[in-house]
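Okay, structure first, notes after.
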Amino acid sequence: MSPTVTTSSEANGNVSAATARAAARAAVEAEKTGPQTITLAKALNTAMADAMHADESVLVFGEDVGMLGGVFRITDGLTKTFGTSRCFDTPLAESGIVGMAVGMAMNGMRPVIEMQFDAFAYPAFEQIVSHVAKMHNRTKGAVKLPIVIRVPYAGGIGGVEHHCDSSEAYYAHTAGLKVFTPATVADGYRMLREAIDSDDPVMFMEPKKLYWSKDQVDLDALRAEHAANTERGTSSEGRAAVARPGTDATLIAYGPSVPTALAAAAAAAEEGRSLEVIDVRSIVPFDDETVCASVRTTGRAVVIAEAHGFASVASEIVARVQERCFHHLAAPIRRVTGFDVPYPAPKLEHYYLPGVDRILDAVDDLQWED
Amino acid sequence: MTISADQTAQQPAQQDAASEAVRKFGITVEDYMLPARHQIQMVGPDGTLNPHTEQGTQPGHEYSLPGDAELLAAYEQLVVGRRVNDQNSALVRQGRMAVYPSSHGQEACQVAAALCLSEGDWMFPTYRDSVAVMARGVDPVQTMTLFRGDWHGGYDPSRHKVGIQCTPLTTQLLHGVGVAHAAKLRGEDTVVLAMCGDGATSEGDFHEALNFAAVFHLPVVFFVQNNQYAISVPLAHQSVAPSLAHKAVGYGMAGERVDGNDVVALLAVLGRAVKLAREGSGPLLVEAHTYRMQAHTNADDATRYRQDSEVAEWVAKDPLSRMKTYLTHRGLLDDDGAARIADKAEAVATQLREGLSEEVPVEPLDLFKYVFSTTTPQLKEQSAMLADELARDAASTATASTSKGAAK
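Chains as they are written, first to last, in this note's numbering: chain A, 309 to 678; chain B, 33 to 440.
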């Protein structure tokens, strides 16, 4: 059978027809109201688009975020909708991106900037730590820096070196930064809107392995919730969520580890053990109240995170819970984290990442026999 | 605010700037971008005006002499600046200030940096640019808060459009780029003067700032005060470029070099750079050759890395004495005028002495107050802990003084 050959003009015609059909489908999709199944990527994209519609000072920039829509397509269509003044590509220089965002924020803008990958953000570390985090304090509140620094982070995608770091502890350790990390599609929308609304700088850590996770959400309901919160001056900022209620032990997780913790809880349920799962959501500020309320009820806890365990966010959570819940604990709090090794190559990463079995082993160790 | 859809044209901006220059001056692109063959100088160290032909003869590097009023205003600021430098150094020696990086010898650069800007423009200074900050209008005592040690900053940057004095080298240049970018998107005619030193040109953010400003075609004038040393390390260890001004051409912007101890030339060169930037030329780089007459700070010992003879050579090039000679010779300055200016400088010195001698009580709970605009439960908890410690300290002090009173 001879291959089908099309001339270039025919091909172009097909492409533009296909593009038109896609655009029409997208338009229908956009008008859809009520619950719909979307990805975390789409929720984040919609949050930025809605914020840009609502406030002209919201700008999006970074590497490849313009025509390409970002290497993960999170900024897809924003340049087309809002023009190259409001969503644009910068030269390839992370310190430049963050430093320029500082100046723009000093001069009335609300930059939402993308670091292409976790480990590519390190050249911007000085700007983040020395200026983004400190400017408000140095100027006694005269200068506010409403900057959102979006960082696709953590592993589980088979990425080669420098593409899978869990860098949240560096930022959480820096006074003056808020650190959010959504784990669900709805939170992707909700928390990014809140981050953009915040007058404080926010490190917005996006679990890249969850970008294509799907859930049924009602975007209009989320928009209405955001509008109502804005009106009341309330928000979900700094609140953890009970992702799954349970009575026997608490699994405390954030970002990419939340679905793993939920899977572990589901498996434990089959064995007759009821595990509560807390989604931390906001690392800074930290919701001691929700986390400790759960641990006081269950008396047992395991903290789960992909990052190295040593001197980590997981260590901080264990310390905080232990200080506040000591007399309610039936067993020492366990951690299930990444090993203290550089993030492994793709064929080795499953040995490194906290998985269901390792979590269940830790749960088994919580001195049930006593 | 109105941001037009496509202002951030990433079209060949540098070519636009260059072709504009080619059209304006009838010169080649290289002539426009490369600095003059010699640093621009108008008034020599002996205070005489250079012949017009020697002031700047190359096409695209011709500068006009600033007006008399501007020159007199600059001289007044030079004298005030010198007095401020010496007063602050004295206050450090007396233990009334933690540290002061003096710009003694660099006052011409400091003054010209402030005077070349309009009200709506922004300045992004370094830790050594206190005199420029004051010349821009920031209160002298507020400027010194940083160095007195009661807070890491003492003024509101947006009030005078002066960035907070920056210590991590060249990081502030990017902030200047961002301010200019935001202004450009809103169609405002703001120009930003972003300052750094010679050693700082080795930093990565120097490169990123110049490149961003050039690519986005922003109205930023980068002003490098080449005072020959980065603490102890001479310029030869930082760069082997023909001059720091030559670095501009690599970014597609124009560079210029100027005698940094000649305030007349500085006003002319910076004035034109600001004007070009405002007219849409894109960014420019100006390198001023000057000298840090004193040590890096009071904690430094300059005799370990430079010769007295070298310092003596620069004494002869002092920016104040040459300007005084020049203005006197021109008949613009007489003894009365000089006395009036000296009085003004003394008044600022008195303001600094009095302001900095005053014991300002620090408020410990301020530690927590400004970390975020919306605070966190963790900071509230820590703030309460410190408040409790303070209350107990106060109570025990009160008890101690009561019992002491009772014993008497």
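Backbone N, C-alpha and C fix where the C-beta goes; we use that ideal spot for every residue, glycine too.
The model shown is predicted, which means the values in this text are computed figures rather than measured ones.
For residue 677 of chain A, no CB of chain B lies under 7 Å from its own CB, so it is not counted at the interface with that chain. Scanning chain B for C-beta atoms nearer than 8 Å to the C-beta of residue 607 of chain A yields nothing, as the closest lies near 23 Å away. Along the region 439-464 of chain A, the positions whose C-beta sits under 7 Å from a C-beta of chain B are 439, 444, 445, 446, 447, 448, 449, 450, 451 and 452, read in chain order. Apart from sequence neighbours up to five positions away, the residues of its chain that approach residue 275 of chain B with a beta-carbon distance below 7 Å are 67, 289 and 319, ordered along the chain. Between residue 303 of chain B and residue 148 of chain B, the C-beta spacing is below 7 Å. Membership of residue 667 of chain A in the alpha helix (DSSP H) is indicated by the continuous run 664-672.
Looking at A/575, A/625 and A/520, the one whose alpha-carbon comes closest to that of residue 562 of chain A is A/625. Taking 7 Å as the cut-off, the beta carbon of residue 523 of chain A is found no closer than this to the beta carbon of residue 454 of chain A. Contact annotation, residue 73 of chain B with residue 366 of chain B: C-beta distance approximately 26 Å; criterion of less than 8 Å not satisfied. In this structure, residue 662 of chain A lies near residue 612 of chain A, with their beta-carbon atoms less than 7 Å apart.
Taking each of B/202, B/305, B/372 and B/196 in turn and checking the Cα distance to residue 445 of chain A, the smallest one comes out for B/196. Residue 260 of chain B sits in coil when the DSSP states are folded into three classes, being neither helix nor strand. Just so you know, the alpha carbons of residue 512 of chain A and residue 557 of chain A end up roughly 29 Å apart. The C-beta separation of residue 257 of chain B from residue 285 of chain B comes to about 18 Å, leaving the pair out of contact by the 8 Å criterion. Around residue 332 of chain B, the same chain offers 263 and 264 as residues with beta carbons nearer than 8 Å, after the five sequence neighbours per side are excluded.
For residue 625 of chain A, the uninterrupted alpha helix (DSSP H) segment begins and ends at 621-633. The continuous stretches of beta strand (DSSP E) do not include residue 143 of chain B, which lies in the alpha helix (DSSP H) extending over residues 139-147.
Judged by DSSP secondary structure, residue 587 of chain A falls within the beta strand (DSSP E) whose first and last residues are 583-587. Near chain B, meaning a CB-to-CB distance below 8 Å, the residues of the region 392-405 of chain A are 392, 393, 394, 396, 397, 398, 399, 401, 403 and 404. Put simply, of B/219, B/97, B/260 and B/70 the residue whose alpha carbon is nearest the alpha carbon of residue 297 of chain B is B/97. Residue 255 of chain B carries a strand assignment under DSSP once its states are collapsed to helix, strand and coil.
Under the three-pair Cβ rule at 8 Å, the region 171-190 of chain B does not count as touching the region 212-230 of chain B. The C-beta of residue 422 of chain A comes no closer than 7 Å to any C-beta of chain B.
Cβ neighbours of residue 416 of chain A within its own chain (closer than 7 Å, five residues either side excluded): 365. In this structure, DSSP gives residue 523 of chain A an extended state, which the three-state scheme calls strand.
In the three-state reduction of the DSSP assignment, residue 154 of chain B falls in the strand class.
With contacts defined as CB atoms closer than 7 Å, residue 249 of chain B and residue 169 of chain B fail to qualify as a contacting pair. One Cα belongs to residue 145 of chain B, the other to residue 164 of chain B, and the distance between them is close to 6 Å.
In chain order, 403 make up the part of chain B whose C-beta sits under 8 Å from the C-beta of residue 483 of chain A. Here residue 212 of chain B is actually not in contact with residue 247 of chain B; their C-beta atoms are around 12 Å apart, not less than 8 Å. Within the same chain, Cβ atoms closer than 6 Å to the Cβ of residue 519 of chain A are found at 348, 349 and 380, the five residues on either side in sequence being excluded. In the DSSP annotation of this structure, the continuous segment of the beta strand (DSSP E) that includes residue 487 of chain A starts and ends at 486-488.
Residue 405 of chain A is not a Cβ neighbour of residue 456 of chain A, given a cutoff of 7 Å.
The beta carbon of residue 515 of chain A sits no closer than 7 Å to any beta carbon of chain B. Judged by DSSP secondary structure, residue 514 of chain A falls within the beta strand (DSSP E) whose first and last residues are 510-515.
Residue range 316-321 is occupied by the beta strand (DSSP E) that includes residue 316 of chain B.
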